[in-house]
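So for the sequence shown, full-length UniProt numbering puts the first residue at 1; every next one is plus one.
All remarks here apply to the structure that follows.
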Amino acid sequence: MLLTVYNYNGGPCYWCLFPTPPPTTACQRCADSGFLGVGKHFTDEMFSCLFPTPPPTTACQRCTDSCVLGVVPGIIGCLQALEAIKIAVNNNWTNPFSQVAALIELICSVPPKVKIRGRSVQCEVCGGNSTFDRQQFLEFDYEKFTQTPLSVSPLKLNLFPTDSRISSKEYNERILDGEAHVLVDVWPSHHYKIVSLPKSLNIPLATLEARLPEISSALKEEEERKGYWF
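Have a look at this one:
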């Protein structure tokens, strides 16, 4: 499965590929560019289908040797990871990159924009009557402002006993085995509309107790099956 090819030692950059590899000097265009292609498992082309022979040595320089802008590989990598996540969580995923490649020009490209309102004259920090000074900035208590404790360490929670938990791998195995279950998604409804797992039942956590009968009703529809999982 081809997820991303970006000026790495396994192949040339996209400016080197179309229509034929240009001189080495032309590869400097890769310093702020990349391309993203996604091939769905076993059906679309893979990298060796497109490029059966190795590229010239001059096209396989390291990013540092090619003066690649430092953030570019990370941005392309994040896009790659996003497409991989889409494939992992959605069996009915529709590939928008099938047999095409997204050419990503990170310096000159203009993404969609929205207009942002200007400064507020009532702003407590930069408004005309602001008394906010450097000392207040240094003493600013962000935790108090957000009413949220700041911590860089992960929370150690044990909300459910081990025998009441199920991993994503175990859940996928039960789907593949056709076991009866009810999957309850407790995220808020606006989150659920953005992304959710197929055939899940959305009951926001704040309303879970009041809507337990809905879960019971869903379970009754599966009563001919042997079990269910949350």
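Each residue gets a CB set at the ideal place from its N, CA and C atoms; glycine is no exception.
On a predicted model such as this, the values are computed, not experimentally measured, just so you know.
Assigned with DSSP and collapsed to three states, A101 falls in coil, not helix or strand. Contact check for V89 and L197: beta-carbon distance about 7 Å, within the 8 Å limit, so the pair qualifies.
Counting only residues of its own chain and dropping the five nearest sequence neighbours on each side, I215 has a CB closer than 8 Å to the CB of V182, V184, L201, I203. Scanning its chain for C-beta atoms nearer than 7 Å, with the 5 sequence neighbours on each side dropped, one finds around S120 the residues G127, in chain order. Pairing I76 with L103 gives a Cβ-Cβ distance that is not under 8 Å. Take P149, set aside five residues on each side of it, and the residues of its chain with a beta-carbon closer than 8 Å to its own are E143, in chain order. Beta-bridge analysis with DSSP links N202 to D185.
Note: L36 is bridge-paired with A102 in the DSSP secondary-structure output. Bounds of the alpha helix (DSSP H) holding L212 are 212-220. Each residue's CA atom was taken as its position, placing V68 and K113 some 26 Å apart. DSSP, reduced to helix, strand and coil, places G178 outside both helices and strands of the structure shown, so it counts as coil. Close CB contacts of F132 within its chain, under the 7 Å cut and outside five residues either way in sequence, are with E124, V125 (chain order). Membership of E83 in the alpha helix (DSSP H) is indicated by the continuous run 71-89. With 16 or more other Cβ atoms inside 10 Å of its own Cβ, E83 counts as buried.
For L208, the CB contacts under 7 Å within the same chain, skipping 5 residues up- and downstream, are V186 in chain order. Straight through space, the alpha carbons of A101 and A81 are spaced by roughly 16 Å.
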